[in-house]
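If you count the sequence shown from 1, position 182 lands on 248 in this note's numbering, and the numbers rise without skipping.
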Amino acid sequence: MKKHFLGIDIGGSWLKGMLVSCDDDCSARQLAMECRHKKPVRVSSHLGREATVYDFIQSLELLLRDLNIDARKIDGIGISSAGIVHYDGSGVALCASHLSALMSKEWIDYLKEQIGAPVVLINDAEAACIGAASLDYLSGNVCYGIAPIGTGLGFVVLRNGRRWCEASVQLPLLGSVYTQPDSNFDTLVGVSKYARLGNSNSLCEFFTEKEHENLRNTYLDNLAGVIYSSSVIYGVEEFCIAGGLANAVTSLDWNLESKLEKCLSHYPMYNQKKLRVRVFKEGNQLPLIGAVLLARGNSFVIENRQVLAYSDMRTEQPYDASLMLNKLDTASVLEKLFMLEQEAGSRLKDSLPVLKSIIDQIVPKLSNGGRLIYVGCGTSGRLAAIDAVELACTFGFPRDKVLTFISGGITDAAIDIEQNFEEDASAVPELLMANVSQKDVVIGISVSGKAFYVQSALAYAKKEGALSVMIQAVDKELPFCDYVLPLNTGGELIAGSTRMKAGSATKKVLNFISTTVMIRLGKVYGCYMTELECLNEKLRERAVGILRILFGLSDAEALDKLKENNYNLNQTIRKISIDE
């Protein structure tokens, strides 16, 4: 069965659209490759300081007419836009004055009425990030800065497959960095104004004619300064250029990468890492690819959404409604808490058979290069992060092979909690940026089972062929995931406070999963972690002790062996085994 998705990219000068059809079993990568070579339709956006939302709606009418979309059913619409987009993708929250018409809901309502399909928005830099990720351009434990450069400077940071933001800001606003009165990075490196230098209304003359050489060199110096600033502020290791600038230099075969890296060579090296520059030859196509993929992903998760009535949520019922906790003394409260924790822990035994089945499927996925990806909201997300971050130092598991996504963003997740309905938003944009595929394992945690952030992550992961697992309180089959792992914890002493015994049970289950998987992957010999990272004095002493026990070495001999192998325990063990 064919599905039809519309991607729209809104720029200050142009409104671009792409209509794509695909089979229901088409993967994100397959669809991205098809979009990559598809020519978009382009019309004037009619945006400006004096423009109204009705001017923009006229542009949409022209775009829809030129796309001839009324002849077929559209299953979803994804829109890439400059400015800050609401976390749930429902509209534009903030944008530059010349784009102010976009902050009206009327144009979004117009699209919904005309096409009758769900509409979801995303920032253009994030859309470009999705497009680049789907083409396998962004991988590994690297900090990428993705920057569509056209009229202005868009920017998003991707660290180890995760969008780096917090819910209150949502985007790293690099373009808004102040430089001097009435100027910022946006005006400093926006390139569209240079298209007016020649008769072609393109950037050809700016990049090729000698009369513009001084202006061109100044622009390169400014852009190099912005790139270096991104490294200092956000830790960017690879600055990736998309948008109109990328289109122009690619069409001219003009080596922007080498010229910028030459400019950057005059800056001091930050964090002992060389700052790399990359130009995405797809340029303006990337945000459109991202918009189409978002439309596709959004349509799947909407179809599978499970809406739970508050009255049906067992986690909202107290353990014992007759208890008057406020009248109990300290000892009595503690006794109740202890009793309930023991009771909840014993109930996990009922889940061991399904846990075994899940782990037996996780191991081959990770053995073949897949990733372990946790998704959660609030306490569930933080507990997942605690488990995930330990796997590298304890078991030597690659950092780019275990990720955690927390609704609202991960920057302040350890010290703050979502405050703007983030758990009700979709996780599809994050999973698209992480390029989730059939190789991966996605474990979602929502004790109540209600969090759409978790539901959407699992629905999308399952659609892409990843192993999808839901950890929740009750044993109930769900259509959007492969397995449900029930905690069976029952009501809390304080009704609804699932950070308590349900949180404890969640941490235990995550311990069971990650520890058993690491053992099965050969990261443990006997009772010892043989691939731990020697990150501090205690861990070095532990490594010495492991070598002493396994090979009968003295502490001094073990320490010498570790030093010879740069404190790499696994390498040390292999070397000793070969020598013996």
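Positions of the beta carbon are idealized from the N, C-alpha and C atoms, including for glycine. Model, not experiment: these values are computed from the prediction.
Looking at the structure shown, is residue i part of a helix, part of a strand, or coil, going by DSSP?
i	result
residue 70	strand
residue 335	coil
residue 471	strand
residue 599	strand
residue 124	helix
residue 241	helix
residue 222	strand
residue 452	helix
residue 585	helix
residue 344	strand
residue 260	helix
residue 476	coil
residue 373	coil
residue 590	strand
residue 202	coil
residue 610	helix
residue 502	coil
residue 92	coil
residue 115	coil
By alpha-carbon positions, which one of the options ends up nearest to residue i?
i	options	result
residue 516	562, 548, 503 and 532	562
residue 52	156, 147, 566 and 586	The chain is shown from 67 up to 646; residue 52 falls before or after that span and cannot be answered.
residue 527	509, 220 and 553	509
residue 550	524, 557 and 556	524
residue 320	291, 271 and 330	271
residue 643	616, 213 and 621	616
residue 362	402, 330, 310 and 143	143
residue 568	620, 406 and 373	406
residue 354	640, 74 and 636	74
residue 173	125, 190, 192 and 100	125
residue 647	166, 462, 302 and 129	Examination of residue 647 is not possible in this model, given that the chain is present from 67 through 646 alone.
residue 111	72, 99, 67 and 168	168
residue 532	640, 76, 161 and 432	432
residue 226	497, 605 and 519	497
Residue range of the beta strand (DSSP E) that residue i falls in?
i	result
residue 143	142 to 147
residue 189	185 to 189
residue 162	It is not in any beta strand (DSSP E) - residue 162 carries neither H nor E in the DSSP assignment.
residue 442	438 to 442
residue 176	It is not in any beta strand (DSSP E) - residue 176 instead sits in the alpha helix (DSSP H) that spans 172 to 181.
Name the one or two DSSP bridge partners that residue i has.
i	result
residue 464	Beta-bridge pairing links residue 464 to no other residue.
residue 213	307
residue 82	75 and 108
residue 558	384
residue 87	70
residue 249	246
residue 552	538
residue 228	225
residue 151	158
Could you check where the alpha helix (DSSP H) with residue i kicks off and where it finishes?
i	result
residue 534	From DSSP, residue 534 is part of no alpha helix (DSSP H) but of the beta strand (DSSP E) over 533 to 538.
residue 526	518 to 529
residue 359	351 to 370
residue 285	279 to 300
residue 510	Counting along the chain, residue 510 falls outside any alpha helix (DSSP H), though it belongs to the beta strand (DSSP E) covering 507 to 511.
residue 424	418 to 433
residue 274	270 to 274
residue 638	635 to 645
residue 404	396 to 413
residue 498	494 to 499
residue 547	It is not in any alpha helix (DSSP H) - residue 547 carries neither H nor E in the DSSP assignment.
residue 491	Looking at the DSSP string, residue 491 is not in any alpha helix (DSSP H), and its letter there is neither H nor E.
residue 324	322 to 330
residue 378	That residue, residue 378, is in no alpha helix (DSSP H); it is neither H nor E in DSSP.
residue 628	621 to 630
Taking 6 Å as the line, does the beta carbon of residue i fall inside it for any heavy atom of the ligand PLP?
i	result
residue 294	No copy of the ligand PLP appears in this structure; indeed no ligand is present at all.
Could you confirm whether any beta carbon from chain D is found closer than 7 Å to the beta carbon of residue i?
i	result
residue 384	No chain D appears in the structure shown, which is made up of a single protein chain.
Checklist entry - Hey, is the segment 80 to 87 in contact with the segment 381 to 392, meaning 3+ C-beta pairs nearer than 8 Å? => result no
Next on the checklist: If contact is defined by three or more beta carbon pairs under 8 Å, each pair taking one atom from either stretch, is the segment 519 to 534 in contact with the segment 204 to 222?
Outcome noted: no
Checklist entry - When the Cβ atoms of the segment 455 to 467 are set against those of the segment 203 to 211, are three or more pairs found closer than 8 Å? => result yes
Checklist entry - Taking contact to mean at least 3 C-beta pairs separated by less than 8 Å, is the segment 384 to 397 in contact with the segment 531 to 542? => result no
Next on the checklist: Under 8 Å, with one C-beta from each stretch per pair, do the segment 322 to 331 and the segment 357 to 372 reach the 3-pair mark?
Outcome noted: no
Item to check | Segment contact flag, the segment 175 to 189 with the segment 255 to 271, C-beta cutoff 8 Å, min 3 pairs | outcome: no
Checklist entry - Any chance the segment 407 to 427 sits against the segment 598 to 611, with 3 or more Cβ pairs inside 8 Å? => result no
Checklist entry - So, do the segment 98 to 108 and the segment 145 to 155 have three or more beta carbon pairs nearer to each other than 8 Å? => result no
Next on the checklist: If contact is defined by three or more beta carbon pairs under 8 Å, each pair taking one atom from either stretch, is the segment 410 to 420 in contact with the segment 485 to 503?
Outcome noted: no
Next on the checklist: With three or more beta-carbon pairs closer than 8 Å as the criterion, would you say the segment 301 to 313 touches the segment 349 to 363?
Outcome noted: yes
Item to check | Touch test, the segment 585 to 594 against the segment 444 to 454, Cβ-Cβ under 8 Å, three pairs minimum | outcome: no
Checklist entry - Between the segment 604 to 616 and the segment 625 to 640, are three or more C-beta pairs nearer than 8 Å? => result yes
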